[in-house]
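Novice:
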Amino acid sequence: MAMPNQEGLLVVLSGPSGAGKDTVLRELLRLDQNVMLSISATTRAPREGEEDGKDYFFLSKAEFIQMLSKNDMLEHAEYCGHYYGTPRGPVEEWQKKGRDVILEIEVQGGQQIRQSCPNAVSIFILPPSLKVLADRLRRRNTEEEDVVCQRLETAKQEILQAVHYDYIVINDDLAECVQEIKAILLAEKMKSARRSHMIQEVLENA
Ligand code: ADP
Ligand code: 5GP
């Protein structure tokens, strides 16, 4: 049923580096045309093949701090020596248009969103084990070994934060993981708190 006056969901998706967040999101975006992915700003250098404005907005530290000072970030965090943040404007615009917006962010940012946006839905992606996580990170081959080790060390602290999220999904079988996230989004949209406006609409539509 179409619901033109229902605002889109704000969805936080977190999980340790290598858990498969990007992979899961690519598949979710392919299957669900209503989902938009927020493009973050970062001060880290682009990886090979990454494009400015598509994968991230790659900013200098000064540019990042300027955005922060103008209150243009919905949340931000420092992760493994670099700044990351969510530009506020597009997220609010898309939500108003009824699009579900996903923030793929680490746990400090997740905590900020849970506090500032109590209606946000938070999902934590867990790898099946730390060994699988390490294998995936090394096989991805996008970071030097010292950065991989730093990310694996950070992962242990991040995983402890999963308990604060609304949902935990394990990314073992990719298709299953994506279906589970789709199911979460569907159920969230049907929550009575998000649909209270429908009660009056039905009663008035004699
Ligand atoms: P993240 O965005 O969480 O850092 P990625 O999406 O880059 O993680 O995934 C890390 C690596 O693991 C990639 O090489 C990806 O192809 C692989 N991967 C992701 N999900 C799965 C899965 N369900 N099964 C096997 N490999 C996976
Ligand atoms: P990567 O360098 O691998 O692209 O991202 C490193 C970590 O930063 C990941 O856990 C990713 O989810 C997180 N991240 C990406 N964008 C943002 C953001 O806008 N805000 C926050 N808080 N974390 C982000």
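The numbering of the sequence shown is our numbering, which starts it at 464 and goes up by one. Quick reminder that beta carbons are idealized off the backbone N, C-alpha and C, glycines included.
Restricting to runs no shorter than 3 residues, where is the beta strand (DSSP E) found entirely within the stretch 569-595?
Specialist: 584-589
Novice: Helix, strand or coil, according to DSSP, for G561 in the structure here?
Specialist: Taking the sequence shown and counting its residues from 1, one reaches residue 561 at position 98. Here G561 sits in coil by DSSP.
Novice: Give the range of the alpha helix (DSSP H) segment to which E490 is assigned.
Specialist: Locating residue 490 in the sequence shown gives position 27, counting from the first residue. Its alpha helix (DSSP H) spans residues 484-494.
Novice: Would you decide whether E621 is buried or exposed? Buried here means 16 or more other CB atoms lie within 10 Å of its CB.
Specialist: Counting from one through the sequence shown, the residue named residue 621 turns up at place 158. Flag for E621 reads buried.
Novice: Sort Q571, V570, G572, V554 by Cα distance to V564 and report the nearest one.
Specialist: One-based indexing of the sequence shown puts residue 564 at position 101. Ranking Q571, V570, G572, V554 by Cα distance to V564 puts V554 first.
Novice: Do V570 and the ligand ADP come close, with the Cβ less than 8 Å from some heavy atom?
Specialist: Within the sequence shown, residue 570 is the residue found at index 107, counting from 1. Outside the cutoff, so no.
Novice: Taking only the alpha-carbon atoms, compute the straight-line gap between R489 and E639 and give it to the nearest angstrom.
Specialist: Here residue 489 refers to the residue found at position 26 of the sequence shown. Here residue 639 refers to the residue found at position 176 of the sequence shown. Between R489 and E639, the C-alpha separation is close to 14 Å.
Novice: Closer than 8 Å: is that where the CB of V487 sits relative to any heavy atom of the ligand ADP?
Specialist: Taking the first residue of the sequence shown as 1, we reach residue 487 at position 24. Yes; taking the cut-off as 8 Å, the Cβ of V487 has a heavy atom of the ligand ADP nearer than that.
Novice: Is there contact here, the stretch 547-562 with the stretch 499-506, by at least three beta-carbon pairs under 8 Å?
Specialist: yes
Novice: Count the CB pairs spanning the stretch 626-642 and the stretch 576-594 that are closer than 8 Å, and state whether there are at least three.
Specialist: yes
Novice: Contact between the stretch 521-536 and the stretch 467-481 is defined here as three or more beta-carbon pairs at a separation below 8 Å; is this criterion met?
Specialist: no
Novice: Which stretch, first to last residue, makes up the alpha helix (DSSP H) that contains H660?
Specialist: As a position in the sequence shown, residue 660 is number 197, starting the count at 1. Note, H660: alpha helix (DSSP H), 655-667.
Novice: If you reduce the DSSP assignment to three classes, tell me which class E606 lands in.
Specialist: As a working mapping, residue 606 is identified with position 143 in the sequence shown. Here E606 sits in coil by DSSP.
Novice: If you drop the 5 nearest sequence neighbours on each side, which residues of the same chain put their C-beta closer than 8 Å to that of D535?
Specialist: Taking the first residue of the sequence shown as position 1, residue 535 is located at position 72. So the list reads P550, R551, G552, once near-sequence residues are dropped.
Novice: Is E678 helix, strand or coil by DSSP?
Specialist: Residue 678 cannot be examined here, being either before or after the span of the chain that is shown, 464 to 669.
Novice: On the premise that M499 lies in contact with R562, defined as a C-beta separation below 8 Å, what is that separation, rounded to the nearest angstrom?
Specialist: Numbered from its first residue, the sequence shown carries residue 562 at position 99. Numbered from its first residue, the sequence shown carries residue 499 at position 36. With a Cβ gap of about 5 Å, R562 and M499 count as contacting.
Novice: Alpha carbon to alpha carbon, how far is I568 from A656?
Specialist: Locating residue 568 in the sequence shown gives position 105, counting from the first residue. Locating residue 656 in the sequence shown gives position 193, counting from the first residue. Put simply, the backbone Cα of I568 is about 26 Å away from that of A656.
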